[in-house]
Amino acid sequence: MSDTTVHLQLKYNGQPIIIDCLSREHNVSDLKEELFKLTRVLPKNQKILGLWTTNNDPVVDSTTLSCLVLKPGTKLMLIGSTQEEILKVNSTEDSPDVVDDFDLKEEDIQLCNVTENIEKVARRCKAYRPRKLSEFRDGKKLLVLDIDYTIFDHLTPAESVHQLARPHLIEFLTRAYVHYDIAIWSATSMTWILAKLGQLGIIPLHVAKTFQHRNNITGSTSSTNDDSLLSEDLNASDDQYNKSFRIALILDSSDMISVKFTEHGIKEVSVVLTFK
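For the sequence shown, this note's numbering begins at 695 and goes up steadily by one.
Structural data, given as structure tokens:
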């Protein structure tokens, strides 16, 4: 492997992908072609999360790999569907696998009283450290939003991440912030949460990078109590960031416990704590 060869680590559908046949002179379009060979996802349907330019310019197909921030250990995420998968989804009218979240039985509701679950919550609360981006405000309730299927449409083909934001997302968050503090939750790792939030413009790109850098150093952002840097960075100027709302808290897969439902099997349930 020459000194100019770029070693890229990606994940697609939970599976690792290694690209080590490109040089720093190749561009993002070349990368997408290599990914197509391995995944059969057309380049136009590919979304690569975690790509940043050294000068914070938007990442486009013509961006050369030499202009990207690709530190050792950097992991990227590929989102996209093959043409076969897209056709299958478009031809499906009703899915029998959809679970009605409101169709809970009384025995499911009583799960909160099960000793095992109470102990799980207690252990998680004891070990938990909040990943706060801004302080909670007095008198505001907490609105917790999932990422995938809620504010981020990761199934639809698109040319950029911004096209995957739910319609009027920024307007919704702005209005919600008047009445609620906002938390973002996902049953994925912090790496992908930060990549999505940063590229959607929900948090500043430089804050996402700072948060991810600390995550790489500590191995888990939940192991640190130092949130002052993030709070200060949120107040810094960033032309790509909408300042009409603030994200108070980020929750990832490490903030969850497993709960067994009578009919739906084992589900991951987020533990949301009050820090006011």
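Note that the Cβ used here is the ideal one computed from N, Cα and C, for glycine as well. Please read all numbers here as calculations on a predicted model, not as lab measurements.
Consult DSSP for His701 and reduce its assignment to one of helix, strand or coil. strand
So, with DSSP's three-state summary, where would you put Val901? helix
Report all residues from its chain with a CB closer than 6 Å to the CB of Thr758; omit the five preceding and five following residues, and keep chain order. Apart from the 5 residues on each side of it in sequence, Thr758 sits with its Cβ closer than 6 Å to the Cβ of Asn721 in its chain, given in chain order.
Rank Asp832, Leu858, Arg831, Glu829 by C-alpha distance to the C-alpha of Tyr843 and give the top, closest one. Leu858
Status (buried if at least 16 other CB within 10 Å, exposed otherwise) for Lys726: buried
Whose C-beta lies closer than 7 Å to the C-beta of Tyr874 among residues of the same chain, with five residues either side of it excluded? Lys834, Lys835, Leu836, Leu837
Let me know the secondary structure DSSP gives Pro737 once reduced to three states. Pro737 falls in the helix class under three-state DSSP.
What alpha helix (DSSP H) runs, 4 residues minimum, are completely inside the region 825-864? Those alpha helix (DSSP H) runs which fall completely within the region 825-864 and span 4+ residues do not exist here.
According to DSSP, residues forming a beta bridge with Ser896: Per the sequence shown, residue 896 should be read as Ile rather than Ser. Answer is none; Ile896 lacks a bridge partner.
Got a sec? Which residues, its chain only, sit under 7 Å from Trp886 by beta carbon, not counting five neighbours each side? Leu743, Met771
Completely contained beta strand (DSSP E) runs for the region 706-769, where each covers 3 or more residues: 709-717, 741-743
For Tyr822 and Thr809, the rounded distance between their alpha carbons: 20 Å
Following the continuous beta strand (DSSP E) through Ala877, name the residue where it begins and the one where it ends. Counted as a single uninterrupted DSSP element, the beta strand (DSSP E) harbouring Ala877 occupies residues 874-879.
Could you have a look at Ser938 and say whether DSSP puts it in helix, strand or coil? coil
Hey, quick one: how far does the alpha helix (DSSP H) through Thr776 stretch, first residue to last? First-last for Thr776: undefined, no H or E at that position.
Quick check on Ser756: buried or exposed, where buried means 16 or more other Cβ atoms within 10 Å of its Cβ? exposed
Hey, could you find the ends of the alpha helix (DSSP H) Cys819 is sitting in? Secondary structure note for Cys819: its alpha helix (DSSP H) is the uninterrupted segment 809-821.
Could you name the residues of the same chain whose beta carbon sits closer than 7 Å to that of Ala942, not counting the 5 residues immediately before and after it, in chain order? Lys826, Leu827, Ser828, Phe830, Asp875, Ile876, Ala877
Buried or exposed: which applies to Ser880, given that a residue is buried once 16 or more other Cβ atoms fall within 10 Å of its Cβ? buried
Secondary structure at Ser883, three-state DSSP: helix, strand or coil? coil
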